[in-house]
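Going by our numbering, the residue at position 5 of the sequence shown is 6; the numbering climbs one at a time, nothing skipped. For every residue, glycine included, the Cβ atom is placed at its ideal position computed from N, Cα and C. In this text, all values refer to a predicted model and were calculated from it rather than measured experimentally.
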Amino acid sequence: MSDSDRAPRFETLAAHAGLHPDPVTGAAVPPIHLATTFERAADGSYPHGYIYARTGNPGRAALEGALATLEGGAAAAAFGSGQAAALAVFQSLSPGDHVVAPADVYHGVRTLLRDQFERWGLAFTFADLTDAGAAERAITPRTRLIWVETPSNPLLRVTDIAALAALARARGIPLLVDNTWATPALQRPIALGADLVLHSTTKYMGGHSDVLGGAIVARDAAGFFERIRTFQQTGGAVPGPFDCWLVTRGLRSLPSRMRTHCENAARVAEFLAGRKGVTAVHFPGLPSHPGHAIARRQMSAFGGMLSIEVTGGAERALAVAGRVKVFLRATSLGGTESLIEHRRSVEGQYSTTPESLLRLSIGLEHPDDLIADLDQALT
Ligand SMILES: *Cc1c(COP(=O)(O)O)cnc(C)c1O
């Protein structure tokens, strides 16, 4: 096979995500179709495949096609937020079904399970999925889904996706990976054996802190994903046309943004690891990180997120956050601007995050400016 016959590489696929010159005008970038309804032909058929915008529309189809391509899946369903995507997954299970999720799962997902789905009859166990024995013990005869998030939020714990996928497959249980933090630029869960991938596209995929979105990508368009698709179309928690357009645009620069996020985060983590007043740096790129070897195996780089613990507990953590000038004190992640957040105080009643922890989303600034800012804030 000559190199020109080879399938395009990830960067090439991303740079062209959702781009097809408009057949009417030749415009290089697709228009935003605001139509909620589509014309039927005289014979009653729908010649373009679209009927009504909730069930499907051109902008959402373009985004879903791009997401499926980048994750190596067969199909994708886009939602109005990451939480709406999670909701669709849980609604596609049945009362009495059991879910295994990580002990430090994203706090919004934990809140959904505890406050909403327990009442609807869904059972769940939170377990340390970085420990294969603990993962196995959490499975019951009613387990219908294993949910994992790696690296995890906010402790950056790393789970071996291939090992967990083997465990799930042997029992016929689907495995879902929340790939929001790594993105397919760094980690491809479906290639590692996962069945479903969840994204908050609000984060790195949108990439500019200006659009809320979520998605599920599936290895197989049939089976469990069909229920998720039906819930998307009938439940209607879908992104609007402009939101789809913004996320698709974000995908085109994802690989190069991720490269800079990763380089900057590695520089900042190295600085913080040696800094007085910092008692822990949670970053999988550090050789001392307990998940470093697995991260090396399943990720092509270590991501743009890290968290630190500081001496002096919550009071000093909040004081350090209070002194930053380049970092913005705000929640969320994955934008061009660096963010710092005292995580415990936003996570609410079920938080298991240490009081002394600050979470950092490393942006696209010059790393020396970020290091200088943290250095003065820690002094
Ligand atoms: C933000 C986030 C979510 C939730 O997504 P929203 O778009 O805020 O609803 C889920 N998982 C992870 C890992 C996240 O960071």
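query	result
beta-carbon G215 near ligand 1 non-hydrogen atom, thresh 8 Å	yes
Backbone CA spacing between A294 and L165 [nearest angstrom]	16 Å
The alpha helix (DSSP H) enclosing V269, as first and last residue numbers	L255 to A274
Residue closest to T231, alpha-carbon to alpha-carbon, out of G314, A86 and S254	A86
Inter-residue spacing [alpha-carbon to alpha-carbon] between L88 and K277	43 Å
Distance cut-off 8 Å: Q117 Cβ against heavy atoms of ligand 1	no
Helix, strand or coil at G83 [DSSP, three-state]	helix
C-beta contact flag for D98 and N154 at 9 Å	no
CA-to-CA distance, A69 to Q84, given in whole angstroms	19 Å
Boundaries (first-last residue) of the alpha helix (DSSP H) holding D44	Looking at the DSSP string, D44 is not in any alpha helix (DSSP H), and its letter there is neither H nor E.
Residue-level contact to chain B via CB, P355, 9 Å cutoff	Looking at the structure shown, chain B is missing, and only one protein chain is on hand.
Touching by the beta-carbon criterion (3+ pairs, under 8 Å), the segment 197-217 and the segment 13-27	no
A42 beta carbon near ligand 1 (any heavy atom closer than 8 Å)	no
Reference R258; option with closest CA among I147, R298 and Y205	Y205
Any non-hydrogen atom of ligand 1 closer than 8 Å to A87 Cβ	yes
Best match in A128, R360, F328 and R172 for proximity to A378 [C-alpha to C-alpha]	F328
Inter-stretch contact at 8 Å, needing at least 3 Cβ pairs: the segment 111-124 / the segment 340-358	yes
Alpha-carbon spacing of E137 relative to N58, whole angstroms	42 Å
DSSP-derived helix/strand/coil call for F143	For the record, residue 143 in the displayed sequence is Arg; it is not Phe. Coil, per DSSP.
Candidates G207, H49, S308 and V248, of which the one nearest A266 by Cα	S308
Cβ-based burial, D374 [other Cβ within 10 Å; buried from 16]	buried
Extent of the continuous beta strand (DSSP E) to which A216 belongs	G215 to A219
Pick from P368, G74, A18 and Y53 that is closest to E271, judged by C-alpha positions	P368
Beta bridge counterpart(s) of Y53 as assigned by DSSP	T38
Integer-rounded CB distance, given that P31 should sit under 8 Å from A63	6 Å
CB of P242 within 9 Å of CB of L35, strictly	yes
Minimum length 3: unbroken beta strand (DSSP E) runs contained in the segment 145-184	176-179
Assumed close pair A18, T249 - CB separation to whole angstroms, cut-off 8 Å	6 Å
K277 beta carbon near ligand 1 (any heavy atom closer than 8 Å)	no
Buried versus exposed call for T203 [16 or more other C-beta atoms within 10 Å across all chains shown]	buried
beta-carbon L157 near ligand 1 non-hydrogen atom, thresh 8 Å	no
Spatial distance of E316 from E310 (CA atoms)	12 Å
Run of the alpha helix (DSSP H) containing L68, from where it starts to where it stops	P59 to E72
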